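Chemist: Sending over a structure as structure tokens; questions will come in a sec.
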Amino acid sequence: MGLTEIILIALGLSMDAFAVSVTLGLSSDAPKLKEFFTPAVFFGAFQALMPALGYAAARYLADGIRGFDHWIAFVLLCFIGGKGIKDSFSTEKEWRKPETNSRGLMKMFVLAVATSIDALAAGITFAFLGADIFRAAALTGAITFAVAACGVKIGNIFGTKFKTGAELAGGTILVSLGVKILLEHTIFS
Numbered sequence: 145m146g147l148t149e150i151i152l153i154a155l156g157l158s159m160d161a162f163a164v165s166v167t168l169g170l171s172s173d174a175p176k177l178k179e180f181f182t183p184a185v186f187f188g189a190f191q192a193l194m195p196a197l198g199y200a201a202a203r204y205l206a207d208g209i210r211g212f213d214h215w216i217a218f219v220l221l222c223f224i225g226g227k228g229i230k231d232s233f234s235t236e237k238e239w240r241k242p243e244t245n246s247r248g249l250m251k252m253f254v255l256a257v258a259t260s261i262d263a264l265a266a267g268i269t270f271a272f273l274g275a276d277i278f279r280a281a282a283l284t285g286a287i288t289f290a291v292a293a294c295g296v297k298i299g300n301i302f303g304t305k306f307k308t309g310a311e312l313a314g315g316t317i318l319v320s321l322g323v324k325i326l327l328e329h330t331i332f333s
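Each residue of the sequence shown is one higher than the last, beginning at 145 in the working numbering.
Here it is, written out as structure tokens:
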């Protein structure tokens, strides 16, 4: 798996964190540095940790599933991406301004775990495709950090206008990569 694919997967995975960060940006009239970095640190750290955990689990099980690992990667990426695409068309578009203490540590922990579950599945994909997990996890964490910090600012400026587009773009990227992996290991192998 090349650097381009890892970056695209990282961007796709970071879209949940972006969407949540946009909503966090709604809660502040003028976000301070801490309000940018708290979500960015939590989301970036968990987006780096979860692929490593998924990778470790997949390596443990690798021998038993090596013959159909590309199908698992395809299904996982299509499921994650399909969820993002579906969410982008959700009719639940009404957003409330989050409560003032929207960045409490426990709330940030829960949000970070919730937005990084997909990254756990991506870690399984990284293992099956022989990706360098250190590079993949570091890039995923760094990209999510930057995307989340930008999301807070964008949310503060524009509200939820970009949430739908981010989910659609992230989902489309992940589904496309899933199809690419399947084609490389079946038709074009």
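Note that beta-carbon positions come from the ideal geometry of N, C-alpha and C, so glycine has one too.
This structure is a prediction, so every number in the text was calculated from the model and none was measured.
By alpha-carbon positions, which one of PHE187, LEU193, LEU147 and PHE162 ends up nearest to ALA265?
Modeler: Among PHE187, LEU193, LEU147 and PHE162, the Cα nearest to that of ALA265 belongs to LEU193.
Chemist: Put PRO175 into one of helix, strand or coil per three-state DSSP.
Modeler: coil
Chemist: Find the nearest neighbour of LEU170 within the set GLY299, GLY295 and ALA293, judged by alpha-carbon distance.
Modeler: By alpha-carbon distance to LEU170, the top candidate from GLY299, GLY295 and ALA293 is GLY299.
Chemist: Taking C-beta to C-beta, are SER234 and GLN191 nearer than 9 angstroms?
Modeler: no
Chemist: Do you know offhand how far LYS297's Cα is from ALA281's?
Modeler: 25 angstroms
Chemist: What is the DSSP secondary structure of SER234, reduced to helix, strand or coil?
Modeler: coil
Chemist: With H, G and I counted as helix, E and B as strand and the rest as coil, what does DSSP make of ASP160?
Modeler: helix
Chemist: Considering only the alpha carbon of each residue, which of PHE332, ALA161 and LEU318 lies closest to THR148?
Modeler: LEU318
Chemist: Below 8 angstroms on the Cβ atoms is my guess for PRO183 versus MET252; work out the distance and round it to an integer in Å.
Modeler: Correct: roughly 7 angstroms between the Cβ atoms.
Chemist: So GLY188 and THR288 are supposed to be a Cβ contact under 8 angstroms. How far apart are they, rounded?
Modeler: 5 angstroms
Chemist: Short of 7 angstroms in beta carbon distance, which residues of its chain neighbour PHE162, apart from the five on each side in sequence? Order them along the chain.
Modeler: Closer than 7 angstroms at Cβ, skipping near neighbours: VAL291, ALA292, GLY295 and ALA310.
Chemist: What residue ranges within the region 265–326 form continuous alpha helix (DSSP H) runs of no fewer than 4 residues, ordered along the chain?
Modeler: 277–302
Chemist: What three-state label does DSSP hand GLY248 in the structure shown?
Modeler: coil
Chemist: Would PHE272 and HIS214 be called neighbours here (beta carbons separated by less than 9 angstroms)?
Modeler: yes
Chemist: Considering only C-alpha positions, which residue in the set ILE153, VAL185 and ILE151 is nearest to SER165?
Modeler: VAL185
Chemist: Kindly indicate which residue of LYS178, MET159 and ALA275 has the alpha-carbon position closest to the one of ILE229.
Modeler: MET159
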